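Q: Below is the structure I would like to discuss, written out as structure tokens.
Protein chains: 2
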Amino acid sequence: MRIGELSTHTRTPVRLLRYYEEQGLIASDRLPNGYRDYEEYVVDRVLQVRGLLDAGLPTRIIKQILPCLNTPRTIHMPYVTPDMVATLEHERDRMAEKIECLTKNHRAITDYLDAARRDTRASYR
Amino acid sequence: MRIGELSTHTRTPVRLLRYYEEQGLIASDRLPNGYRDYEEYVVDRVLQVRGLLDAGLPTRIIKQILPCLNTPRTIHMPYVTPDMVATLEHERDRMAEKIECLTKNHRAITDYLDAARRDTRASYR
DNA sequence: TCGAAGGGTGACATTGGTGTGAGGGTCAAT
DNA sequence: ATTGACCCTCACACCAATGTCACCCTTCGA
């Protein structure tokens, strides 16, 4: 698949796809004419990257953890350095914090909206 | 409390406290000499702001939704414009997406680490 | 064969959060 | 009276993610 198609499939500007590649987050082959050529799975990959990016993780970190998240479950895990383990644990904990924070505020918004709705209905009676 | 104290309490650079104020996320009185003077509750506020910021929300949005999250449960909700409701619903949904994405990846990291640990133990036997 | 659509690289601009420094006040302790 | 810690404002700098533009090439259909 060429970059335009990938772009529409992922609703991601072409510019960013090239940027993600430059940052080592996605890979592409090249057609004889120099055009990028993507495999099917890259679509999911891009969506995952965007999700993580949108959740506030920098590309630097995403690049580090992506290889560990890749869904075609690696059969035998190659040499995980203690360094890598530390990074992963750290990021895992940071993610947990973010989740907690978001969850708390998500609930607060939900509660607020509920209350507002009740209020609105009440004012009609 | 003056800015230095707030800074240590929240482990937040003074620079950023002033920035958050400039963005309308926190408020301060002024002492006769021009120093900023914060009330106790601002500590929590700063932590909340940082959490949201760290989770990827821009100050613009935080500023909009903060008034709705403020814990001293407002007794009667003042005129919530339909506009505001729409914004809140939108942000709520975006937060839900982020939570989902982070949760998924958090689990993936956790699983990966578990597998790696098993692998390591196995190689000792 | 020509034009439009799509692709390539490279470079500069912008935005938001943050760092840092200059230049200058306040105040408490010595 | 001086020093040192703390505060003020203003301004420039930085980085990462993105937008945008210039300039050139390839493919394909009218």
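Residue numbers (the numbering used here), protein chains in the order written: chain Y, 1 to 125; chain D, 126 to 250.
Glycine residues also receive a C-beta, built at the ideal position from the N, C-alpha and C atoms.
In this text the structure is predicted, and so the values were computed from the model without any measurement.
1. Which partner residues of residue 155(D) appear in the DSSP bridge assignment?
2. Is it true that the segment 110-121 of chain Y meets the segment 147-157 of chain D, where meeting means three or more beta-carbon pairs spaced less than 8 Å apart?
3. Give a yes or no on whether the minimum CB-CB distance between residue 237(D) and chain Y is below 9 Å.
4. I want to verify the contact list: residues of chain Y whose CB lies under 7 Å from the CB of residue 179(D), in sequence order.
5. Check the Cβ-Cβ distances between residue 9(Y) and every residue of chain D, and say whether any is below 9 Å.
6. According to the neighbour-count rule (16 or more other Cβ atoms, all chains shown, within 10 Å of its Cβ), is residue 42(Y) buried or exposed?
7. Can you check whether the CB of residue 55(Y) is closer than 9 Å to the CB of residue 181(D)?
8. For the alpha helix (DSSP H) that residue 13(Y) lies in, which residues bound it at each end?
9. According to DSSP, is residue 58(Y) part of a helix, a strand, or is it coil?
10. Report the neighbours of residue 217(D) on chain Y: residues whose CB is nearer than 8 Å to its CB, in chain order.
11. For residue 146(D), which residues of its own chain have a beta-carbon under 8 Å away from its beta-carbon, when the five flanking residues on both sides are left out?
12. Pull out every residue of the segment 32-55 of chain Y whose Cβ sits closer than 8 Å to any Cβ of chain D, in chain order.
13. Quick check on residue 173(D): does DSSP put it in helix, strand or coil?
14. By a C-beta neighbour count over all protein chains shown, 10 Å radius and 16 as the cutoff for buried, is residue 174(D) buried or exposed?
15. Going by DSSP in three states, residue 243(D) sits in which element: helix, strand or coil?
16. Exposed or buried, which one is residue 229(D) when buried takes at least 16 other CB atoms within 10 Å?
17. Strictly under 9 Å for the Cβ-Cβ distance: is residue 130(D) near chain Y by that measure?
18. Just checking: is the beta-carbon of residue 137(D) within a distance shorter than 9 Å of some beta-carbon in chain Y?
19. Taking three-plus beta-carbon pairs below 8 Å as touching, is the segment 217-234 of chain D in contact with the segment 96-112 of chain Y?
20. Using the beta-carbon of each residue, which ones in chain D are nearer than 9 Å to residue 65(Y)?
21. For a contact meaning CB atoms closer than 8 Å, what does residue 126(D) contact in chain Y?
22. Near residue 189(D), what residues of its chain come up, given a Cβ to Cβ distance below 7 Å and the 5 sequence neighbours on each side ignored?
23. Going by DSSP in three states, residue 200(D) sits in which element: helix, strand or coil?
A: According to the data block:
1. As a working mapping, residue 155(D) is identified with position 30 in the second sequence. The partner list for residue 155(D) (beta bridge, DSSP) reads 161(D).
2. No contact exists between the segment 110-121 of chain Y and the segment 147-157 of chain D.
3. Along the second sequence, read from residue 1 onward, the residue named residue 237(D) stands at position 112. It does; some Cβ of chain Y falls within 9 Å.
4. On the second sequence, position 54 is the one that residue 179(D) refers to. Those are 56 and 98, listed as they occur along chain Y.
5. Your numbering for residue 9(Y) matches position 9 in the first sequence. So, not an interface residue.
6. As a first step, residue 42(Y) must be located in the first sequence, where it is residue number 42. With 16 or more Cβ atoms within 10 Å of its Cβ, residue 42(Y) is classed as buried.
7. Against the second sequence, residue 181(D) aligns to sequence position 56. Against the first sequence, residue 55(Y) aligns to sequence position 55. Yes, they are a contact pair.
8. Within the first sequence, the letter at position 13 stands for residue 13(Y). Segment: none, residue 13(Y) is in no alpha helix (DSSP H) and carries neither H nor E.
9. By one-based count along the first sequence, residue 58(Y) stands at place 58. Looking at residue 58(Y) - three-state DSSP - the assignment turns out to be coil, as it is neither helix nor strand.
10. Taking the second sequence and counting its residues from 1, one reaches residue 217(D) at position 92. Going along chain Y in sequence order, the residues near residue 217(D) (Cβ under 8 Å) are 106, 109, 110 and 113.
11. Counting from 1 along the second sequence, the entry for residue 146(D) is found at position 21. These residues qualify, in order along the chain: 152, 153 and 161.
12. 48, 51, 52, 54 and 55
13. Position 48 of the second sequence, counted from the start, is the residue given in the question as residue 173(D). Here residue 173(D) sits in helix by DSSP.
14. Position 49 of the second sequence, counted from the start, is the residue given in the question as residue 174(D). Residue 174(D) should be labelled buried.
15. Locating residue 243(D) in the second sequence gives position 118, where the first residue counts as 1. Helix, per DSSP.
16. To locate residue 229(D), count along the second sequence from 1; it is residue 104. Residue 229(D) is exposed by the Cβ-count criterion.
17. For the purposes of this step, residue 130(D) is identified with residue 5 of the second sequence, where counting begins at 1. Answer no: the Cβ-Cβ gap between residue 130(D) and chain Y never drops below 9 Å.
18. As a working mapping, residue 137(D) is identified with position 12 in the second sequence. So, not an interface residue.
19. yes
20. Looking up residue 65(Y) in the first sequence gives position 65. Chain-ordered, the chain D residues with CB closer than 9 Å to the CB of residue 65(Y) read 230, 233, 234 and 237.
21. By one-based count along the second sequence, residue 126(D) stands at place 1. Simply none; closest approach about 23 Å.
22. Locating residue 189(D) in the second sequence gives position 64, counting from the first residue. Only 212 meet the Cβ criterion.
23. For the purposes of this step, residue 200(D) is taken as residue 75 along the second sequence, with counting starting at 1. Per-residue confidence for residue 200(D) stands at a pLDDT of 44, beneath the threshold of 50, marking its modelled position as unreliable; the derived number appears in the next sentence. Coil, per DSSP.
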